[in-house]
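S.K.: Quick one: the structure is below, questions incoming.
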Amino acid sequence: MIIHCMYCGHTIDLSEAYDDYQGPVRCAVCKSLMMVRVENGQLRGMDAGPAAAAPAAPKAAAPAAPKAATAKAAPPAALKARPASPD
Ligand SMILES: [Zn+2]
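First residue of the sequence shown: 10, per this note's numbering; consecutive thereafter.
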């Protein structure tokens, strides 16, 4: 049973004990942890191990548009308009 590291491509030679196996396999070269699923000597699936999962982005980091930047959008035309005189 031979698989290839999904990170560095290193050939990992698993013994026959892995012909029916589901669990973590660590690459000897890059030390990456992969979750593999082997059935009847056939590789059925390979996923990144939990240690390699990217950390979730902090929810407080969503930037809100500053309101000061859009508060000056009012047109100055109203300042010059004179009220209609009844004269
Ligand atoms: Zn590797």
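Glycine included, every Cβ here is placed at the ideal spot set by N, Cα and C.
Have a look at residue 50 and residue 12 and give me their C-alpha separation to the nearest angstrom.
M.R.: Residue mapping note: residue 50 aligns to position 41 of the sequence shown, counting from 1. Residue mapping note: residue 12 aligns to position 3 of the sequence shown, counting from 1. Their Cα atoms are separated by approximately 11 Å.
S.K.: Check whether the Cβ of residue 45 lies closer than 8 Å to any heavy atom of ligand 1, and answer yes or no.
M.R.: Taking the sequence shown and counting its residues from 1, one reaches residue 45 at position 36. No, the Cβ of residue 45 stays beyond 8 Å of every heavy atom of ligand 1.
S.K.: Over what stretch of residues does the beta strand (DSSP E) that includes residue 32 continue unbroken?
M.R.: What you label residue 32 is simply residue 23 of the sequence shown in a count that begins at 1. Segment 30–35, the beta strand (DSSP E) holding residue 32.
S.K.: What first and last residue would you give for the beta strand (DSSP E) that runs through residue 47?
M.R.: For the purposes of this step, residue 47 is taken as the residue at position 38 of the sequence shown. Start and end: 42–48.
S.K.: Express the C-alpha separation of residue 57 and residue 42 in angstroms, rounding to a whole number.
M.R.: Taking the first residue of the sequence shown as position 1, residue 42 is located at position 33. Taking the first residue of the sequence shown as position 1, residue 57 is located at position 48. In a straight line, the C-alpha of residue 42 is about 7 Å away from that of residue 57.
S.K.: Whose CB is closer than 6 Å to a heavy atom of ligand 1? List the residues in chain order.
M.R.: 14, 16, 17, 19, 36, 38, 39 and 41
S.K.: Under three-state DSSP, which class holds residue 26?
M.R.: Here residue 26 is taken as the residue at index 17 of the sequence shown, counted from 1. It is helical.
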